[in-house]
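One structure below.
There are 2 protein chains.
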Amino acid sequence: MPTIRDVAKLAGVAPITVSRVINNSGYVKDETRARVEAVIDELGYVPNMLGLSLRSKQTMTLAVIITDITNPFWTTVTRGIEDVAQANGYSIILCNTDESEEKQEQYLQMLLRRRIDGILMVPVTSKADPIKLVKKQNIPVVVMDRHVPGVDVDIVRSDTEEGAYQITKYLLSLGHQRIAMLAGPQSTSTATDRVDGYCRALRDAGLAKRDDHIFWGEFSIEAGYKTAQQMLTDLPDVTAFFAANNFIAIGAMQLLKEKNKRVPEDIALVTIDDIPPGFTLAPFFTVVTQPALEMGKQAAQLLLNRVDGTVNGVCQEIILPVQMIIRASSGEHISP
Amino acid sequence: MPTIRDVAKLAGVAPITVSRVINNSGYVKDETRARVEAVIDELGYVPNMLGLSLRSKQTMTLAVIITDITNPFWTTVTRGIEDVAQANGYSIILCNTDESEEKQEQYLQMLLRRRIDGILMVPVTSKADPIKLVKKQNIPVVVMDRHVPGVDVDIVRSDTEEGAYQITKYLLSLGHQRIAMLAGPQSTSTATDRVDGYCRALRDAGLAKRDDHIFWGEFSIEAGYKTAQQMLTDLPDVTAFFAANNFIAIGAMQLLKEKNKRVPEDIALVTIDDIPPGFTLAPFFTVVTQPALEMGKQAAQLLLNRVDGTVNGVCQEIILPVQMIIRASSGEHISP
DNA sequence: TGCTATTATGGTATGCGTACCATGAAACGC
DNA sequence: GCGTTTCATGGTACGCATACCATAATAGCA
Chain R
481 MPTIRDVAKL
491 AGVAPITVSR
501 VINNSGYVKD
511 ETRARVEAVI
521 DELGYVPNML
531 GLSLRSKQTM
541 TLAVIITDIT
551 NPFWTTVTRG
561 IEDVAQANGY
571 SIILCNTDES
581 EEKQEQYLQM
591 LLRRRIDGIL
601 MVPVTSKADP
611 IKLVKKQNIP
621 VVVMDRHVPG
631 VDVDIVRSDT
641 EEGAYQITKY
651 LLSLGHQRIA
661 MLAGPQSTST
671 ATDRVDGYCR
681 ALRDAGLAKR
691 DDHIFWGEFS
701 IEAGYKTAQQ
711 MLTDLPDVTA
721 FFAANNFIAI
731 GAMQLLKEKN
741 KRVPEDIALV
751 TIDDIPPGFT
761 LAPFFTVVTQ
771 PALEMGKQAA
781 QLLLNRVDGT
791 VNGVCQEIIL
801 PVQMIIRASS
811 GEHISP
Chain P
481 MPTIRDVAKL
491 AGVAPITVSR
501 VINNSGYVKD
511 ETRARVEAVI
521 DELGYVPNML
531 GLSLRSKQTM
541 TLAVIITDIT
551 NPFWTTVTRG
561 IEDVAQANGY
571 SIILCNTDES
581 EEKQEQYLQM
591 LLRRRIDGIL
601 MVPVTSKADP
611 IKLVKKQNIP
621 VVVMDRHVPG
631 VDVDIVRSDT
641 EEGAYQITKY
651 LLSLGHQRIA
661 MLAGPQSTST
671 ATDRVDGYCR
681 ALRDAGLAKR
691 DDHIFWGEFS
701 IEAGYKTAQQ
711 MLTDLPDVTA
721 FFAANNFIAI
731 GAMQLLKEKN
741 KRVPEDIALV
751 TIDDIPPGFT
761 LAPFFTVVTQ
771 PALEMGKQAA
781 QLLLNRVDGT
791 VNGVCQEIIL
801 PVQMIIRASS
811 GEHISP
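Top line first, the protein sequences correspond to chains R and P. Everything in the first sequence is counted per the numbering used here, starting at 481 for the first residue and increasing by one. Everything in the second sequence is counted per the numbering used here, starting at 481 for the first residue and increasing by one.
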């Protein structure tokens with residue numbers, strides 16, 4: 481593969497002149513430019529970013545660390561990020577942690593070695609260490625969707641506690657008194673925030689929080705299935721399920737169908753994070769949705785501002801509004 | 481950010497010795513190793529891959545060029561790729577072309593500059609040039625899902641022509657005689673293959689191919705919506721729609737619902753590429769599915785084999801089998 | 001004891017593009 | 001016509017990790 485020196489030699493100029501032609505910088509006589517460009521075409525020369533990155537200390541690369549690209553919520557967030565990155569000349573490296581601390585750690589190490597310019601991440605746990613590690617290397621980080629106590633870091637997330645509050649309140653308004661929560665992993669703030677919102681709504685309604693109604697699990701279809709199974713056994717008198725995310729709801733729904741439990745007639749089911757419109761023929765879940773594309777775009781924009789120094793004050797926390805959409809799965813008002 | 485020289489200086493050794501400690505290569509006295517490791521921890525030194533890549537001519541990076549990460553089919557393919565890449569120490573750079581030749585060209589140029597080790601791509605068109613361009617730079621390429629005449633290139637795709645044939649044949653077996661095809665962009669082989677399969681089935685059934693029953697469009701929800709709209713106007717006597725992919729089907733479905741056309745009672749609707757199980761409560765579409773995860777994994781594995789030289793003979797074309805799943809959207813047998 | 005292996009460490013050069021400084025020629029102003 | 005810009009081009013060094021070759025010390029062996 482030819483280098484800038486090969487081009488220079490063949491065109492009878494110095495490497496720096498070729499560089500000037502490529503980057504349209506400095507003075508180059510039209511005649512010289514034409515000659516250099518001819519040689520570039522002839523050799524099929526493509527500049528090597530590595531040399532440049534080594535000196536400029538910029539790789540024009542951002543990392544996206546999410547839990548699982550398979551979840552349409554993250555897909556949409558990622559799409560928003562990629563759009564903004566691409567428009568600004570940045571590439572993105574995609575990392576799926578599957579909520580594994582070990583994988584996250586591996587990815588972070590690798591990304592630091594790559595000298596990426598910034599990281600957009602959904603931290604697997606609420607531990608501050610991984611983020612501190614990155615910040616110590618002076619690499620800008622934007623945390624998405626979750627928050628992490630004990631570090632000063634930019635955050636873009638939605639008001640998930642409020643969403644959980646609203647949707648629980650809605651269930652209560654329908655007459656539900658025994659609402660089970662199919663929560664996510666207790667180590668993530670999204671999971672705890674949603675449980676907090678749920679508890680707040682119960683409290684506001686004068687109902688006691690019952691710990692045995694909260695099942696911590698994982699944000700996956702399998703976990704939703706299993707948790708729902710356990711709930712049906714442990715809590716036969718529950719009238720509504722509140723799944724902490726779309727995948728848990730899908731898993732729960734699968735189980736309920738198998739057990740011939742009708743939704744919403746036998747059990748109401750609500751969740752957070754929609755499935756993109758169209759994927760389901762008749763959208764069924766009553767949900768609280770987060771602006772996923774917007775979250776990705778804003779996070780990427782904030783990160784880029786940090787990277788290029790446009791923003792360099794204290795860290796921001798951008799909290800996007802959520803929206804409740806009432807559909808069939810929550811059912812009508814029930815008699816207690 | 482400290483360099484290997486900083487570590488060396490502080491530990492009182494030569495840079496190469498630090499390198500040996502990091503990479504566990506060559507001879508290093510235990511005592512020296514301990515001292516170097518202590519300094520590495522103290523400084524928070526992280527090796528810079530750029531220097532290494534510059535020399536080794538390996539970036540440990542693969543590119544994934546797909547049309548749109550928002551489509552669950554590509555999401556799953558990408559997930560398969562990422563899994564294999566990660567397991568082998570490679571990172572992936574994600575690129576969405578949105579079927580735009582211009583974006584594809586931009587991405588390719590950028591990727592060549594980055595000296596990525598290999599490319600997994602879904603070419604926007606059947607033109608050979610972009611692939612030739614990359615191959616000329618000696619960068620291994622694996623084409624996914626589509627095929628491109630005129631270049632010798634590795635391909636991993638599924639037997640989409642056969643899938644289209646089978647599903648059309650199935651519609652014919654139900655008594656449908658007037659089947660409209662909502663095709664993809666004529667510039668992609670996936671679209672033409674599916675039309676070919678559709679035509680072959682008609683031919684086998686002794687029916688004449690009717691060009692006015694084939695509507696070329698795009699692989700998007702919007703296109704599906706529009707095409708379906710036009711079809712209802714132009715071809716009021718059609719009894720079945722064959723959407724060339726899931727997004728087209730979703731768009732068509734949206735329109736049919738708006739127009740109060742019942743599926744399958746008024747119009748049968750079948751498609752290719754499923755929506756992941758669970759996303760839809762009751763899977764509805766009769767579809768031909770492709771093994772998306774497997775496609776991603778095999779493509780990534782093949783690419784890695786090319787990259788590390790394990791495979792270096794003539795190019796392979798891996799064709800994965802498809803599977804038809806009959807559900808409600810195709811309906812019962814109709815009377816002609 | 002003398003000589004070859006083994007262990008341990010370092011110097012120098014390389015890969016590639018560009019920042020910085022330097023040089024020279026032409027153009028311009030008065 | 002002379003000093004000052006503007007234009008045009010080049011030399012050298014740098015960023016970082018490592019390959020290659022070289023050196024030296026210790027160990028092993030006859």
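Every residue, glycine too, gets a C-beta built ideally from N, C-alpha and C. Bear in mind that the values here come from a model prediction, so they are computed numbers and not experimental data.
How should residue i be labelled, buried or exposed, when 16 other C-beta atoms within 10 angstroms of its C-beta is the threshold for buried?
i: residue 616 of chain R; result: exposed
i: residue 813 of chain R; result: exposed
i: residue 794 of chain R; result: exposed
i: residue 629 of chain P; result: exposed
i: residue 468 of chain R; result: Residue coverage of chain R in this structure runs from 481 to 816, which leaves residue 468 of chain R outside it and unanswerable.
i: residue 665 of chain P; result: buried
i: residue 595 of chain P; result: buried
i: residue 678 of chain P; result: buried
i: residue 589 of chain R; result: exposed
i: residue 507 of chain R; result: exposed
i: residue 740 of chain R; result: exposed
i: residue 521 of chain P; result: exposed
i: residue 518 of chain R; result: exposed
i: residue 777 of chain R; result: buried
i: residue 779 of chain P; result: buried
i: residue 691 of chain P; result: exposed
i: residue 757 of chain P; result: exposed
i: residue 559 of chain P; result: buried
i: residue 716 of chain P; result: exposed
i: residue 505 of chain P; result: exposed
i: residue 704 of chain P; result: buried
i: residue 702 of chain R; result: exposed
i: residue 762 of chain P; result: exposed
i: residue 571 of chain P; result: buried
How many whole angstroms separate the CB atoms of residue i and residue j, which I take to be in contact at a CB cut-off of 8 Å?
i: residue 750 of chain P; j: residue 810 of chain P; result: 5 Å
i: residue 547 of chain P; j: residue 622 of chain P; result: Contact flag wrong, Cβ pair sits at about 16 Å.
i: residue 693 of chain P; j: residue 733 of chain P; result: So it is not a contact: roughly 19 Å between Cβ atoms.
i: residue 765 of chain R; j: residue 729 of chain R; result: 6 Å
i: residue 882 of chain P; j: residue 599 of chain P; result: The structure shown does not extend to residue 882 of chain P, since chain P is modelled only from 481 through 816, so no value can be given for it.
i: residue 695 of chain R; j: residue 711 of chain R; result: 6 Å
i: residue 760 of chain R; j: residue 550 of chain P; result: Actually they do not touch by this definition, with Cβ atoms about 15 Å apart.
i: residue 540 of chain R; j: residue 775 of chain R; result: Not confirmed; about 23 Å, so no contact.
i: residue 639 of chain P; j: residue 801 of chain P; result: 6 Å
i: residue 768 of chain R; j: residue 655 of chain R; result: Not a contact, Cβ separation roughly 20 Å.
i: residue 772 of chain P; j: residue 553 of chain P; result: 5 Å
Return the bridge partner residues of residue i from the DSSP annotation.
i: residue 586 of chain R; result: Residue 586 of chain R is not bridged to any residue.
i: residue 766 of chain R; result: R/750
i: residue 757 of chain R; result: R/760
i: residue 598 of chain R; result: R/542
i: residue 721 of chain P; result: P/660, P/749
i: residue 797 of chain P; result: P/635
i: residue 711 of chain R; result: Paired residues: none, contrary to the question.
i: residue 695 of chain P; result: P/662
i: residue 804 of chain P; result: P/768
* Asked: Along the segment 508-542 of chain R, what residues have a CB closer than 9 Å to any CB found in chain P?
  -> Those would be 524, 526, 527, 528, 529, 530, 531, 532, 533, 534, 537, 539, 540, 541, in chain order.
* Ignoring anything shorter than 3 residues or poking outside the segment 551-580 of chain P, list the beta strand (DSSP E) runs there in chain order. => Runs found: 571-576.
* Asked: Closer than 7 Å, Cβ to any Cβ of chain P: which residues of the segment 566-597 of chain R, in chain order?
  -> For chain P, the residues of the segment 566-597 of chain R that bring a beta carbon within less than 7 Å of one of its beta carbons are 571, 572, 573, 574, 576, 590, 592, 593, 594, 595, in chain order.
* Report the residues of the segment 777-809 of chain P with a CB closer than 7 Å to any CB of chain R, ordered along the chain. => Cβ contacts with chain R come from no residue of the segment 777-809 of chain P.
* Completely contained beta strand (DSSP E) runs for the segment 595-673 of chain P, where each covers 3 or more residues -> Segments of the beta strand (DSSP E) lying fully in the segment 595-673 of chain P: 598-601, 621-624, 634-638, 659-662.
* To do: Note down, one range per segment and in chain order, each alpha helix (DSSP H) of at least 4 residues found wholly within the segment 488-529 of chain P.
  => Runs of the alpha helix (DSSP H) lying entirely within the segment 488-529 of chain P, each at least 4 residues long, are 495-503, 510-523 in chain order.
* To do: Give, in chain order, every residue of the segment 699-720 of chain R whose Cβ lies closer than 8 Å to some Cβ of chain P.
  => So the close ones are 701.
* To do: Scan the segment 645-667 of chain P for residues whose Cβ lies nearer than 7 Å to a Cβ of chain R and list them as they occur along the chain.
  => The residues in question: there are none.
* Chain-ordered residues of the segment 738-767 of chain P with a beta carbon less than 7 Å from chain R -> So the list reads 755, 758, 759, 760, 761, 764, given in the order they occur along the chain.
* Short-range partners of chain R found in the segment 618-630 of chain P, where Cβ spacing is below 8 Å -> Shown in chain order are the members of the segment 618-630 of chain P whose Cβ falls below 8 Å from a Cβ of chain R: 618.
* **chain P contacts from the segment 721-733 of chain R (Cβ-Cβ distance under 7 Å)** => Correct list: 730, 733.
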